[in-house]
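A short write-up of the structure that comes next.
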Amino acid sequence: MSSKEFIEKVFLRLPTSVILLVEVLRYWQRLCRYNASFHTDDDMRKMQYTLLRENHVIEKGMSMKTTRKGFGQMKVRNLIERLSKYADHYTEEDREFLRYPLCTIASYIAFQKNDGVDMQDIEEAFEALRAKTRFGLSELNISSGIASHRREELTQAALGDFRSLLNSRHSIRYFRDELPSTDTIEKALSLASRTPSACNRQAWHTHVYFGAEAHRLLKKQGGCNGFAEDIPCCIVVTSDMKGFLSYEPFQCYVDGGLYAQNLINALNYVGLGTIPLSCGFLTYRLLRIQKQFGIPENEAMVVMIGTGHMCDEMKIAESTRKPLSYTNTFHTNQ
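Counting from -6, one number per residue, gives the positions in the sequence shown under our numbering.
Written out as structure tokens, the structure reads:
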């Protein structure tokens, strides 16, 4: 037995509370090292993730049911400034990353000019950034901004094969003023119950809110400011922490995340639109929400899913996906 194996064997004989405390400290160390709030622009990947977040704010703004004339100009200026900084530091490592946010800004400028807004200063800043990054206008050809989709088109695609189901799902930010029936929700919940779970424990739970109560909950979430009242139903997916043991402290989020994605696809299949909304907040905030909305403390909140009947025609953010080369690594012996 190696020394490392011996230490691990001794460690696992410690009281469970001590083992979990060590796990918390180890996780704290990793957070301090890798969380994007620390030394953000000194790390290319951290900078890319935060830039994509800022880029999506612009996309989201264009996909609202109603948009304030000239919205988001300060956010776009700040995004251009940070993209310029990225170009100064990381162009040689990953210039291609810049193509997508540049396309989004070009779509934003066209969107605002179509609404009669003077974009001269932003256009000048954009052109300076484009010149710095050496992208020709013809190269900014990634789908970006928003696209118009019809309900009939999406619902028919969702009933097709698996590829069609996945490609038909989009984040919808406004719905018909009509509550989905509990029967329709239950059909989706039944389909999602086929989700695999660790040792078949099925520790997921759902809490469904309609109308004014859904609006109140969504406003607490904070990520749907400006369109919370356009969402008629909210489903909170949780995972029961009582279902897992000391050596699997994060498994509740794994199982809950698997279930949540299946539920989103199931809601799409039964003809409802969806928008997933983050629950990745600090514990004090989550527990306050849980207390206010009758969710037991032993359940870990995983995600909120806004859902409802889609309008006949909708503006939807394009949200281009990364190439597989960014997200996958093949590990082979060849």
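Where a beta carbon is used, it is the ideal one built from N, C-alpha and C, also for glycine.
Since the structure is predicted, the reported quantities are computational estimates derived from the model, not experimental observations.
Could you pull out every residue in the same chain whose Cβ sits closer than 6 Å to the Cβ of G236, ignoring the five residues on either side in sequence?
-> Listed in chain order, the non-local C-beta contacts of G236 below 6 Å within the same chain comprise R194, A196, local neighbours out to five positions each way being set aside.
S232 vs A293 beta-carbon contact at 8 Å | yes
Residue(s) in a DSSP beta bridge with L76 | BP columns for L76 are empty, so no partner.
Using a threshold of 8 Å, state whether the C-beta atoms of T97 and E145 are closer than that.
-> no
Determine the closest residue to S312 out of M55, E1, R23, P8, with distance taken between C-alpha atoms.
-> M55
Beta-carbon proximity list for T199, same chain, < 8 Å, skipping 5 on both sides = L182, I228, V229, V230, T231, L256
One or two residues paired with S100 in a DSSP bridge = DSSP output for S100 lists no bridge partner at all.
Could you name the residues that DSSP lists as bridge partners for E306?
-> Paired residue(s): R143.
Would you mind reading off the limits of the alpha helix (DSSP H) that contains I224?
-> No alpha helix (DSSP H) contains I224, which DSSP labels as neither H nor E.
Mind the definition here: the region 136 to 151 touches the region 293 to 305 only if three or more C-beta pairs lie below 8 Å; say whether that holds.
-> Touching, yes, given that three or more Cβ pairs across the two stretches are closer than 8 Å.
By the 10 Å Cβ neighbour count, where 16 or more other Cβ atoms means buried, how is A253 classified, buried or exposed?
-> Burial call: buried.
Taking all protein chains shown into account, do 16 or more other C-beta atoms lie within 10 angstroms of the C-beta of Q380, making it buried, or fewer, making it exposed?
-> The question about residue 380 has no answer, for the chain in this structure spans -6 to 327.
Straight-line gap, D114 to F104 (C-alpha atoms, nearest Å) = Rounded to whole angstroms, D114 to F104 spans 15 Å at the Cα level.
Spatially closest choice to R278 from G215, L265, L130, T325, by CA coordinates | Nearest of G215, L265, L130, T325 to R278, Cα basis: G215.
Taking the DSSP output, what are the residues bridged to E47?
-> Answer is none; E47 lacks a bridge partner.
Buried or exposed: Q283, going by 16 or more other Cβ atoms within 10 Å of its Cβ?
-> Buried, by the Cβ-count rule.
Would you be able to state if there are at least three C-beta pairs under 8 Å between the region 200 to 210 and the region 264 to 278?
-> no
Determine the closest residue to M67 out of V50, M57, K78, H82, with distance taken between C-alpha atoms.
-> V50
C-beta neighbour in chain C for L265, strict 8 Å = In the displayed structure, chain C is absent; only one protein chain is listed.
Chain-order list of residues whose beta-carbon lies under 7 Å from that of L280 (same chain, five-residue window excluded) = Result list for L280: E290, in chain order.
Taking 8 Å as the threshold, find out whether the region 154 to 162 comes into contact with the region 313 to 327 through three or more Cβ pairs.
-> no
Whole-angstrom C-beta distance between I139 and I12, which should lie under 8 Å | For I12 against I139, the beta-carbon gap comes to about 49 Å, at or over 8 Å, which does not count as contact.
Looking at T300 and C226, is the spacing between their C-beta atoms short of 8 Å?
-> yes
Classify F64 as buried or exposed, calling it buried when 16 or more other Cβ atoms lie within 10 Å of its own Cβ.
-> buried
Give the DSSP-derived three-state secondary structure of L24 in the structure shown.
-> helix
Can you tell which of I268, K213, L265, F220 has the C-alpha that lies nearest to the C-alpha of F286?
-> Cα-wise, what sits closest to F286 is K213.
Any idea what DSSP makes of M112, helix, strand or coil?
-> coil
Provide the residue(s) that pair with S271 in DSSP beta bridges, ordered along the chain.
-> According to DSSP, S271 bridges with V296.
Bounding residues of the beta strand (DSSP E) (the contiguous stretch that carries H328) = The first residue shown for the chain is -6 and the last is 327, placing residue 328 beyond what the model contains.
What's the C-alpha gap between N258 and K106?
-> Looking at the backbone, the Cα of N258 and that of K106 are separated by about 36 Å.
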